[in-house]
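> Chains as they are written, first to last, in the numbering used here: chain W, 3 to 182; chain X, 234 to 567.
Below, the structure is given as structure tokens:
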């Protein structure tokens, strides 16, 4: 299976939100719904505060609990990769996958009612392109690629830079990494 | 300090600011599904134990309620679906890791087996319906067959009734993402609660004194078991990881404290327990009909509070300053 990851440099990200706009434009995400979002995380005690910006989305988990809990097979790993998609024609809108996602990364498509989420822009990935958010990022802080190739940009970044994933203790093996 | 703030809008319906995907429709299904399991279970056990004389209602008439109650529950569940036209998709695949898929297929087996159970006692329980069916030659044959194998059918009903009663709890407990649900006792708790509500229903409807007494005693045992299981759930949450301890706060001072301790534990368990003890010991029978009503209420309250508290429990803690009304204002200028 191809192991796709996204690597986002929190030291370069300025929290502009272009990734969010790019996603809405590329995927025609309706008003009021978001497949990605930006978080500003501040920690410390004044005046020693530390802020990081994180562009967040579905983690396309290798052990995706949304997939294991789906009763119909609508939630699935695409083409033997870790990219998690929802087949709208199989989705009953039971919302088990939403309850199963520890990252609250899923949404109910309006007005249709099937469950929707970030697709890592698989329609672009299969043409060899980066996801829309990655290509749009004005600071170039977002990277996308396969971990199977040890020479890929993402493999090299994770080899040479300190990084973290969100809540790996969920056991879901999330695949969006943040350089810190 | 540690603060995580959305700096782009995120106000996904049913998910933000905290998860509220499942409301009364699902709680009602969990309650009615558990009640159905109890109804089928007791009807079967009374048959197996030859209790036609002691408990004629449970042994010969109770089973008819099962498909009616279950259909109400499934209607309620259907109302919850967001993509209703695709409901048939539950039955175009079986997903072995999904308790919901197991549940969908359990329901498919429960209906026909429930019909066999009803037919096996329909002549003695509902003579009018029995004679209607007997007018059809094939109907008469089928009922004859069901009566001949009444005990065998009852034995077959028991595992499916238990499966129906327990899966709803396992369904919730299998969500690792919702720490409040994520403990193995929940399945048993829901099963015992379902049996208790069914026993209460028999006490409420049955006319014969011996039957009311039998089921009041059964219910008393079940309430004790339920209290033990609730205690185990609380211990497992309190001794769990940070997420579990935090999830427990929702009923220990948090938003569902009243629902849990007053509506479910006090009104739904302790007061009926006391009333049933008073009744069995012969001290007071004046409030005899109140106990089963409270047990039924408690059964629903348990499902609702567990459903709500579970959805509130989470791994993520974002603050949001995004005001959805601002978007509306933008539209009003279009």
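Just so it is clear, CB atoms sit at the ideal spot from N, CA and C, and this is done for glycine as well.
What you are looking at is a predicted structure, and each value in this text was computed from that prediction instead of being measured.
Can you look up residue 153(W) in the DSSP assignment and give me helix, strand or coil?
Along the first chain, one-based indexing puts residue 153(W) at 151. Reduced to three states, the DSSP call for residue 153(W) is coil.
> I need the DSSP call for residue 251(X), collapsed to helix, strand or coil.
On the second chain, position 18 is the one that residue 251(X) refers to. Coil, per DSSP.
> If you count every other CB in all the chains shown that lies within 10 Å of the CB of residue 590(X), and 16 or more means buried, which is it?
A question about residue 590(X) goes unanswered here, because the residues of chain X that appear run from 234 up to 567.
> Output yes if chain W places a C-beta closer than 8 Å to the C-beta of residue 541(X); else output no.
Against the second chain, residue 541(X) aligns to sequence position 308. Residue-level contact check: residue 541(X) does not touch chain W, since none of the beta carbons of chain W fall below 8 Å from its beta carbon.
> At a CB-CB cut-off below 8 Å, which residues of chain W make contact with residue 562(X)?
Here residue 562(X) refers to the residue found at position 329 of the second chain. In chain order: nothing, as chain W lies at least about 13 Å away.
> Which residues, in chain order, does the stretch 303-325 of chain X contribute to contact with chain W at a C-beta distance below 8 Å?
313, 314, 315, 316, 317, 319, 320, 322, 323, 325
> With DSSP as the reference, please indicate the residues paired to residue 71(W) in a beta bridge.
The count along the first chain starts at 1 and reaches residue 71(W) at position 69. Answer is none; residue 71(W) lacks a bridge partner.
> Using beta carbons (cut-off 8 Å, strictly below), is residue 35(W) in contact with chain X?
As a working note, residue 35(W) is residue 33 in the first chain. Interface residue, yes.
> In chain order, which continuous runs of the alpha helix (DSSP H) of length 4 or greater are located wholly inside the stretch 355-400 of chain X?
355-358, 360-367, 370-381
> Do you know how far the Cα of residue 386(X) is from the Cα of residue 346(X)?
Numbered from 1 along the second chain, position 113 holds the residue referred to as residue 346(X). Numbered from 1 along the second chain, position 153 holds the residue referred to as residue 386(X). In a straight line, the C-alpha of residue 346(X) is about 8 Å away from that of residue 386(X).
> Taking C-beta pairs closer than 8 Å, name the residues in chain X that residue 112(W) reaches, listed in chain order.
The sequence position of residue 112(W) within the first chain is 110, counting from 1. In chain order: 246.
> Would residue 92(W) pass as an interface residue toward chain X - the criterion being a Cβ-Cβ separation below 8 Å?
Numbered from its first residue, the first chain carries residue 92(W) at position 90. Cβ-Cβ to chain X under 8 Å: yes for residue 92(W).
> Assuming contact is defined by CB atoms lying nearer than 8 Å, are residue 420(X) and residue 403(X) in contact in what I supplied?
As a position in the second chain, residue 420(X) is number 187, starting the count at 1. As a position in the second chain, residue 403(X) is number 170, starting the count at 1. Cβ atoms of residue 420(X) and residue 403(X): closer than 8 Å.
> Quick one: what does DSSP say residue 317(X) is sitting in, helix, strand or coil?
Working through the second chain from its first residue, we reach residue 317(X) at position 84. In this structure, residue 317(X) counts as helix in the three-state DSSP scheme.
> Drop a sphere of 10 angstroms on the beta-carbon of residue 516(X), count the other beta-carbons inside from all chains shown, and report buried for 16 or more, exposed for fewer.
Position 283 of the second chain, counted from the first residue, corresponds to residue 516(X). By the 10 Å Cβ count, residue 516(X) comes out exposed.
> Does the beta-carbon of residue 234(X) have 16 or more other beta-carbons within 10 angstroms, so that it is buried, or is it exposed?
Stepping through the second chain from its first residue, residue 234(X) is reached at position 1. Counting Cβ neighbours within 10 Å, residue 234(X) comes out exposed, since fewer than 16 surround it.
> Given a limit of 8 Å on CB to CB distance, which residues of the stretch 411-436 of chain X reach chain W?
411
> Over what stretch of residues does the alpha helix (DSSP H) that includes residue 437(X) continue unbroken?
One-based indexing of the second chain puts residue 437(X) at position 204. Segment 419-438, the alpha helix (DSSP H) holding residue 437(X).
> Quick one: is residue 109(W) near chain X, going by C-beta distance under 8 Å?
Start at 1 with the first residue of the first chain, and residue 109(W) comes out as number 107. Output row for residue 109(W): interface = yes.
> Below 8 Å on the Cβ atoms is my guess for residue 296(X) versus residue 351(X); work out the distance and round it to an integer in Å.
For the purposes of this step, residue 296(X) is taken as residue 63 along the second chain, with counting starting at 1. For the purposes of this step, residue 351(X) is taken as residue 118 along the second chain, with counting starting at 1. Rounded to whole angstroms, the Cβ separation of residue 296(X) and residue 351(X) is 5 Å, and the two are in contact under 8 Å.
> How many whole angstroms separate the CB atoms of residue 356(X) and residue 376(X), which I take to be in contact at a CB cut-off of 8 Å?
Mapped onto the second chain, residue 356(X) falls at position 123. Mapped onto the second chain, residue 376(X) falls at position 143. With 8 Å as the limit, residue 356(X) and residue 376(X) qualify as a contact, their Cβ atoms being about 7 Å apart.
> Helix, strand or coil for residue 169(W) per DSSP?
Start at 1 with the first residue of the first chain, and residue 169(W) comes out as number 167. Coil, per DSSP.
> Using beta carbons (cut-off 8 Å, strictly below), is residue 98(W) in contact with chain X?
Here residue 98(W) corresponds to residue number 96 of the first chain, with the count starting at 1. By this cut-off, residue 98(W) is an interface position.
> Give the DSSP-derived three-state secondary structure of residue 330(X) in the structure shown.
Mapped onto the second chain, residue 330(X) falls at position 97. Coil.
> Against chain X, with Cβ distances strictly below 8 Å, would residue 42(W) count as a contact?
If you number the first chain from 1, residue 42(W) lands on position 40. Chain X contact via Cβ: present.
> In terms of DSSP beta bridges, what is residue 109(W) paired with?
In the first chain, the residue the question calls residue 109(W) occupies position 107. Beta-bridge pairing links residue 109(W) to 118(W).
> Which class does residue 128(W) belong to by DSSP, given the choice of helix, strand or coil?
To locate residue 128(W), count along the first chain from 1; it is residue 126. Coil.
> Quick one: give me the first and last residue of the beta strand (DSSP E) that residue 145(W) is part of.
Here residue 145(W) refers to the residue found at position 143 of the first chain. It spans 144-148 - the beta strand (DSSP E) in which residue 145(W) sits, taken as one unbroken run.
> With DSSP as the reference, please indicate the residues paired to residue 43(W) in a beta bridge.
Counting from one through the first chain, the residue named residue 43(W) turns up at place 41. According to DSSP, residue 43(W) bridges with 54(W), 237(X).
> Would the beta-carbon of residue 104(W) fall within 8 Å of that of residue 548(X)?
For the purposes of this step, residue 104(W) is identified with residue 102 of the first chain, where counting begins at 1. For the purposes of this step, residue 548(X) is identified with residue 315 of the second chain, where counting begins at 1. Against a cut-off of 8 Å, the Cβ pair of residue 548(X) and residue 104(W) comes out as a contact.
> With residue 143(W) and residue 37(W) assumed to form a contact (beta carbons below 8 Å), what rounded beta-carbon distance in angstroms separates them?
For the purposes of this step, residue 143(W) is taken as the residue at position 141 of the first chain. For the purposes of this step, residue 37(W) is taken as the residue at position 35 of the first chain. Not really, about 19 Å apart at Cβ, beyond 8 Å.
> Answer with yes or no whether the minimum CB distance from residue 494(X) to chain B is below 8 Å.
The displayed structure is made up of protein chains W and X, and chain B is not among them.
> Within the continuous beta strand (DSSP E) that includes residue 77(W), where are the two ends?
Position 75 of the first chain, counting from 1, holds the residue named residue 77(W). From DSSP, the beta strand (DSSP E) with residue 77(W) extends over 77-79.
> Between the stretch 328-347 of chain X and chain W, which residues of the former have a C-beta closer than 7 Å to a C-beta of the latter?
Those residues of the stretch 328-347 of chain X that come within reach of chain W (Cβ to Cβ, closer than 7 Å) are 328, 330, 331, 333, 334, 337.
> State buried or exposed for residue 30(W), treating a residue as buried only when at least 16 other CB atoms are found within 10 Å of its CB.
Here residue 30(W) corresponds to residue number 28 of the first chain, with the count starting at 1. Counting Cβ neighbours within 10 Å, residue 30(W) comes out exposed, since fewer than 16 surround it.
> Would you say residue 73(W) faces chain X, with C-beta separation under 8 Å as the test?
Here residue 73(W) refers to the residue found at position 71 when the first chain is read from its first residue. Contact with chain X is found for residue 73(W), since one of that chain's Cβ atoms lies less than 8 Å from the residue's Cβ.
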